[in-house]
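Add 1454 to a position in the sequence shown, counting from 1, and you land on the number used in our numbering. Every residue gets a Cβ at the ideal spot worked out from N, C-alpha and C, and that includes glycine. Bear in mind that the values here come from a model prediction, so they are computed numbers and not experimental data.
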Amino acid sequence: MNNFANESFKRLNPEKQERILKAAIAEFADRGYELANTNHIAKRAKISVGSIFHYFNTKENLFLYIVQYGSALIETHAGKVVDDETLSIAQKIEALVRLVVRTSREEITLIRLYHEMSSIGNQELISKLPRSMEQFTSERYIKMLEEGQRSGEVKPELNARLAAFSMDNILLSLQFAYACDYYRIRFQMYNNPEIDQEEYDEQVISETFQFLKGALLVAED
């Protein structure tokens, strides 16, 4: 991670670190970067406001740190799927869809935080995030599809880079459909008002996978 946090934060015990990070994630996810209040974060974390600035110097540094922190957690899950050599490309894609639905429920504040990061208009702030955050998924997905073309699993006529971009956009939109109010409303408009309920998860997973399978993979004999 970049040095958005001071050494004083890194020396804290893990439990206190996690409490501060969860409080910050919840505040930024609920209120957005501009409206997020460090007083609220301090209250949630049961620390003084002065401690926040002692650990991170600025509200901006705190935001950048937790965006990196949250992205790293989600990327770790995705990396385990994509790098699993025991899975076929079809199995990896299905596992990624399943992962998206699960993490959108279990890590809803992280998904909302990522949405906030990707939608705020502060370009100076966004430019300070390392390109490696987006490169992680793009490089892994491109590599996965290129390997699938070499093995005969992925359609050879596809541009693997463009196909990976399209797949990622579908997965990202699905994440937001479960975690963000605007996208959830759109999700329901195209389906039914209960589509985001757990009882429909298997249907969503199956049909999203079938769509990606048809678009990306060579048809089975």
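- As for any alpha helix (DSSP H) of minimum length 4 sitting wholly inside the region 1533-1618, the runs are 1543-1560, 1562-1573, 1577-1580 and 1586-1605, ordered along the chain.
- According to DSSP, L1671 shares a beta bridge with V1608.
- The C-beta separation of Q1603 from A1614 comes to about 6 angstroms, placing the pair in contact by the 8 angstroms criterion.
- Counting along the chain, the unbroken alpha helix (DSSP H) around P1468 starts and ends at P1468 to L1489.
- With at least 16 other beta carbons inside 10 angstroms of its own, L1564 counts as buried.
- The C-alpha of V1658 is placed about 16 angstroms away from the C-alpha of N1623.
- Distances from the alpha-carbon of K1534 to those of I1520, V1521 and L1550 put L1550 closest.
- For the set L1666, Y1632 and Y1644, the Cα lying nearest the Cα of D1650 is the one of Y1632.
- Annotation for A1490: E1481 and F1482 place their beta carbon closer than 6 angstroms to its own, counting only its chain and skipping 5 residues before and after.
- A1459 sits in coil when the DSSP states are folded into three classes, being neither helix nor strand.
- At the C-beta level, E1607 and A1544 come within 8 angstroms of one another.
- F1665 counts as exposed, since fewer than 16 other beta carbons sit within 10 angstroms of its beta carbon.
- In this structure Q1629 is buried. Its beta-carbon is surrounded by 16 or more other beta-carbon atoms within 10 angstroms.
- Proximity to M1571 across F1590, F1641 and Q1522 peaks at Q1522, based on C-alpha coordinates.
- Contact holds between the region 1459-1472 and the region 1510-1522, because three or more Cβ pairs, one in each stretch, are under 8 angstroms apart.
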